[in-house]
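Colleague: This structure is in structure tokens; I'll ask about it shortly.
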Amino acid sequence: MKQTAIFFLAYFVCSASTYAKYHFAYGLGSTFIFMPEISYSIDENSNIFAQYRWGMTKGYAIGWERKFHDNFSASLLYGTVGSDAKPCEASDSGILVDTAVCAANTFLTRNAANGFGTSFNYYFSGYDHGGFILKGELGYGENTVLNEYDVKTGIYLFYKF
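With the sequence shown counted from 1, adding 25 to any position gets you my numbering.
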């Protein structure tokens, strides 16, 4: 709850700013359904950002974004890049029970995968304007419980205020 209050406070501070160096965005997608983002413009072509990521797992990400065209940018990030479910195990309860337990564990017991990632971003209204952003993300990270490295992907839709 504290993180939510902090991000909403940051949103109001950013929207009150007359010089648009700070931006606020909210996103959701394939792995995370609550992704508030605060960014700071370094110059007219790049910014740094911080995200809180909550969904099948929760975590944080920080990164750097560079504009390549009015509508396109690419990002490098470090933090939570995805999630993994615990592997399913067979028991003597029967196939129907095993399937139900495995499905529940897939959605309820996800573990964060932390590491490095990159994303390619499309700004529908242009990089310098508010509006929708489509992000495709590719990351490589370590599962925090299983201690295994794996590639993670995600597609996210953001709205930049």
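No residue lacks a Cβ here, since even glycine has one placed at the ideal position from N, Cα and C.
Give me whichever residues DSSP pairs with His-48 in a beta bridge.
Modeller: Ser-64
Colleague: Please say whether Phe-186 and Gly-151 have beta carbons closer to each other than 8 Å?
Modeller: no
Colleague: Pull up the distance between the alpha-carbon of Phe-183 and that of Asn-96, whole angstroms please.
Modeller: 14 Å
Colleague: Give every residue of the same chain whose Cβ lies closer than 6 Å to the Cβ of Phe-59, excluding the five residues on either side of it in the sequence, and list them in chain order.
Modeller: Trp-79
Colleague: Would you kindly check if the distance between the Cβ of Ile-63 and the Cβ of Tyr-47 is under 8 Å?
Modeller: Tyr-47 is a Cβ neighbour of Ile-63, given a cutoff of 8 Å.
Colleague: By Cβ distance below 6 Å, which residues in the same chain neighbour Val-106 in space, the five residues on each side in sequence not counted?
Modeller: Ala-138, Gly-140, Gly-142, Gly-164, Gly-166, Lys-177
Colleague: For a quick check, are the C-beta atoms of Asn-146 and Ser-100 less than 8 Å apart?
Modeller: yes
Colleague: Rounded to the nearest angstrom, what separates Phe-74 and Tyr-103 at their Cα positions?
Modeller: The C-alpha of Phe-74 lies about 11 Å from the C-alpha of Tyr-103.
Colleague: On a CA-only basis, which of Pro-61, Phe-93, His-94, Glu-69 is nearest Ile-87? Give me that one, please.
Modeller: Pro-61
Colleague: Using DSSP with H/G/I as helix, E/B as strand and the rest coil, what is Thr-124?
Modeller: helix
Colleague: Can you tell me whether Thr-169 is helix, strand or coil according to DSSP?
Modeller: Coil at Thr-169, not helix or strand.
Colleague: Using DSSP bridges, identify the partner residues of Ser-98.
Modeller: Lys-92, Asn-146, per the DSSP bridge assignment.
Colleague: Pop quiz: Tyr-174 and Gly-52 are said to be a contact at Cβ under 8 Å. What is the actual Cβ separation, rounded to whole angstroms?
Modeller: Going by Cβ atoms, the distance from Tyr-174 to Gly-52 rounds to 25 Å, so no, they are not a contact pair.
Colleague: Please name the residue, chosen from Ala-50, Ser-98, Gln-76, that lies closest to Glu-69 on a Cα-to-Cα basis.
Modeller: Ser-98
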